[in-house]
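There are 2 protein chains.
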Amino acid sequence: MNASFHPPARTLMGPGPSDVNPRILEALSRPTIGHLDPAFIQLMDEIKALLQYAFQTQNALTLPVSAPGSAGMEAVFVNLLERGDKAIVCVNGAFGGRMKENVERCGATAVIVAQEWGKAIDLNAVEDALKAHPDACMLAFVHAETSTGVRSDAQALAALAHRYDCLAVVDAVTSLGGIALEVDAWGIDAIYSGTQKCLSCIPGLSPVSFSERAVARIRGRQQRVQSWFLDMNLIMDYWGGSSRRSYHHTAPINPLYALHEALLCLREEGLENAWQRHANHHNALAAGLHAMGLPLIVDAGHRLPQLNAVGVPDGIDEAAVRAALLQQYDLEIGAGLGTLAGKIWRIGLMGYACNRRNVLQCLSALEAVLIQQGMALPQGAAVAAANARYQQG
Amino acid sequence: MNASFHPPARTLMGPGPSDVNPRILEALSRPTIGHLDPAFIQLMDEIKALLQYAFQTQNALTLPVSAPGSAGMEAVFVNLLERGDKAIVCVNGAFGGRMKENVERCGATAVIVAQEWGKAIDLNAVEDALKAHPDACMLAFVHAETSTGVRSDAQALAALAHRYDCLAVVDAVTSLGGIALEVDAWGIDAIYSGTQKCLSCIPGLSPVSFSERAVARIRGRQQRVQSWFLDMNLIMDYWGGSSRRSYHHTAPINPLYALHEALLCLREEGLENAWQRHANHHNALAAGLHAMGLPLIVDAGHRLPQLNAVGVPDGIDEAAVRAALLQQYDLEIGAGLGTLAGKIWRIGLMGYACNRRNVLQCLSALEAVLIQQGMALPQGAAVAAANARYQQG
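Order-wise, the sequence lines are chains A and B. In short: position in the first sequence from 1, add 545, done, that's this note's numbering. In short: position in the second sequence from 1, add 545, done, that's this note's numbering.
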């Protein structure tokens, strides 16, 4: 306890945090300035504009909440729901379940559209629920379920929400920067994300965005927002467009330097290029996993490139494999959550960590550890398959 | 917007953030690892132990909330209060007012003991309120009011709370590391602080600690905690002592590296030495301000060494002085808040920023700017007075 902490040099291919670009770590460590410094106010404006680009939105109320993605989720629900409201919540994984928790803690009722873990949200089931609950004011769903690696059709779900006069609320923690996401074109009313997934920034901030319709609802509330820290009526006065910023809480200055740099990296690459990169490396990883006979549990049409849920073969101790990868290769992959605990691994290919070196390292390390664990695998087949896939372009 | 952000090299002598030790910035920028990595779990244990030292407590539930001090405040109230509860809240500045907001947003009733801004909390008034409201379950107060520079008698207030069977809840955002604070010896039940004041870490985390009595109340709640993100029943399972840590939210990994380093710095110096250092440099600053005829608005017996509220002389434009200090000297001092806006400056001497170089720089820059603004001051008198005070030891 008397010594500085020097972390091991891991490769982060779990469900997040993902590897942070050294350029972002360097930005993080620049000298701290005050949260009302004119230079910092200018930085805030730039972060807002860069987030608008990342979310593909013109929403004025677009900013990073000063806490992790879970707080961004809570910010959306506590601002948009009042006691007695009703929200339809799609649950096809751990984070849909967390949405339900949030709705209920706001004193609202959550109508659950449950879906088997590992499957995309069923549009018909959602429409049935919207028809059955005309008093619902919100449809909430997870775009990219980090617990299962499933992509749901956010565009179609948002359109359904509007058809039944509900706000469309989207968890984009794992989707932002990794797969197509267009807040304005799809008509999303409120969205939150995290910084430690496909933005490859450090964990601890949660970008959010609210449509004009959502802002009108926040401004027209009957009850006060139950959280002072997350009350957008107050936060707007600090992050808002007015020249006179009023103090709300002390912003996390240095993590915002890092987020700014991460968003610059994304804009330099270009959103579409980043989406394509995630798809390409996912294809190579999938080819390598297939060569080892390891199944991806999600149907090909709904797989997230950035989060690959891999079935654990019979007779293999999933925790022992993860421990060996960490100890022998400094490689972190994730375990299953909830109903999938013990049954899957989660291999992330997020942001800066989504590159050819990591794909090949992961495949060769996983193959070696599985052979150690007694599986009969042809040595080198996984890497060869991935390389062959890369050559297809 | 296309370029990396390079902050100006400020000296931070406002109400926080304070200058961050470069050693802490370097720790901040070390490679990110996973929040369930065994190496990170060990770091969490070390942070807990170091926070127990800083707070002078054996409380098992001692940890940093993953968000700024305002969220730490909210964590204390949402966990300890249920709808219908009654809390006595002392308000002698902006942050007492924020406590009231938090109590009310929990659906509880806040009984206010109001005190003029700039004065310490009156023990007799508090005892009257405790007598008048035997159904109150909590007495909440600010130890070091950042908005005014006042120290209240936390030990006596906590004792009063216990005499009337109330939990003693303390805001120590600006006191931790700067003035004497002994959580166990004083019988404090719940306390929160910030990292960007006398710990000289970056803003964004909030150390909290709960006594066994407070934990029993949290575990015995009738209603769920209204915040999922701040629910200590869940956070205990991640930060708690069990070997099997369960995931709650993704911890802000790198800021926790920085907090660990900041707490190491504090322990290396020693708490008592840090308190004495703050007192010594405050004395020198006060001598210099006195030499310029600038009044400290708080009585000598209740002044915080780390936050000096200075009356703005008649005819001086307080904002113009701050702007000149920032532009000409890269020196940040703070403005007044609330009823003191426009009437005071707030000069911080916090943590790493509390040193002789900063005291002398601040005095000489302030003197020069006041002379520019038309005040007749003997050149060099402020620095000479401070140096004379230093020589007294």
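Just so it is clear, CB atoms sit at the ideal spot from N, CA and C, and this is done for glycine as well.
Continuous beta strand (DSSP E) stretch holding residue i: start and end
i: R822 (chain A); result: Here R822 (chain A) belongs to no beta strand (DSSP E); instead the alpha helix (DSSP H) covers 816 to 836.
i: K631 (chain A); result: 631 to 636
i: R762 (chain A); result: Where R762 (chain A) is concerned, there is no enclosing beta strand (DSSP E), although the alpha helix (DSSP H) it sits in stretches over 757 to 764.
i: V714 (chain B); result: 712 to 716
i: Y709 (chain A); result: Here Y709 (chain A) belongs to no beta strand (DSSP E), and DSSP marks it neither H nor E.
i: V671 (chain A); result: Premise fails: V671 (chain A) lies in the alpha helix (DSSP H), 668 to 677, not in any beta strand (DSSP E).
i: V866 (chain A); result: Where V866 (chain A) is concerned, there is no enclosing beta strand (DSSP E), although the alpha helix (DSSP H) it sits in stretches over 863 to 874.
i: Y737 (chain A); result: 735 to 737
i: A655 (chain A); result: 654 to 659
i: T607 (chain B); result: 606 to 610
Beta-carbon proximity list for residue i, same chain, < 7 Å, skipping 5 on both sides
i: V843 (chain A); result: G663, T693, G694, V695, A854
i: L871 (chain B); result: E877
i: R812 (chain A); result: L595, Y598
i: A584 (chain A); result: I578
i: F622 (chain B); result: N647, V648, C651
i: Q700 (chain B); result: W731
i: A886 (chain B); result: A880
Any chain B beta carbon closer than 9 Å to residue i
i: V621 (chain A); result: no
i: M618 (chain A); result: yes
i: G838 (chain A); result: no
i: S549 (chain A); result: yes
i: N825 (chain A); result: no
i: G785 (chain A); result: no
i: N647 (chain A); result: yes
i: V770 (chain A); result: yes
i: P613 (chain A); result: yes
i: Y737 (chain A); result: no
Same chain, Cβ closer than 8 Å to residue i, five either side skipped, listed in chain order
i: L830 (chain B); result: N853, I892, L894, V904, C907, L908, A931
i: Y792 (chain B); result: H580, L581, Y783
i: P553 (chain B); result: D875
Enclosing alpha helix (DSSP H) for residue i [first to last residue]
i: V904 (chain B); result: 901 to 917
i: F585 (chain A); result: 583 to 600
i: L779 (chain A); result: 777 to 784
i: A572 (chain B); result: 567 to 573
i: V728 (chain B); result: 728 to 731
Cβ of residue i within 9 Å of any chain A Cβ
i: I578 (chain B); result: yes
i: D564 (chain B); result: yes
i: T795 (chain B); result: yes
i: A584 (chain B); result: yes
i: L809 (chain B); result: yes
i: F774 (chain B); result: yes
i: N853 (chain B); result: no
i: L721 (chain B); result: no
i: C537 (chain B); result: What the structure shows of chain B is the stretch from 546 to 938, and residue 537 (chain B) is not part of that stretch, so it cannot be assessed.
i: Q873 (chain B); result: no
i: E806 (chain B); result: yes
i: N799 (chain B); result: yes
i: G887 (chain B); result: no
i: L588 (chain B); result: yes
i: A554 (chain B); result: yes
i: Q517 (chain B); result: Residue coverage of chain B in this structure runs from 546 to 938, which leaves residue 517 (chain B) outside it and unanswerable.
Three-way DSSP call (helix, strand, coil) for residue i in this model
i: S615 (chain A); result: helix
i: Y935 (chain A); result: helix
i: N624 (chain B); result: helix
i: R643 (chain B); result: helix
i: P562 (chain A); result: coil
i: E690 (chain B); result: strand
i: V928 (chain A); result: helix
i: V843 (chain A); result: coil
i: P800 (chain A); result: helix
i: V695 (chain B); result: strand
i: R848 (chain A); result: strand
i: V753 (chain A); result: strand
i: L702 (chain B); result: helix
Residue i: CB within 8 Å of a non-hydrogen atom of the ligand GTP
i: R555 (chain A); result: The ligand GTP is not part of the structure shown, which contains no ligands of any sort.
Identified DSSP bridge partners for residue i
i: W890 (chain B); result: B:V855, B:A880
i: M920 (chain B); result: In DSSP, M920 (chain B) forms no bridge with anything.
i: L744 (chain A); result: The partner list for L744 (chain A) (beta bridge, DSSP) is empty, contrary to what the question assumes.
i: A685 (chain A); result: A:V634, A:V714
Same chain, Cβ closer than 6 Å to residue i, five either side skipped, listed in chain order
i: A880 (chain B); result: none
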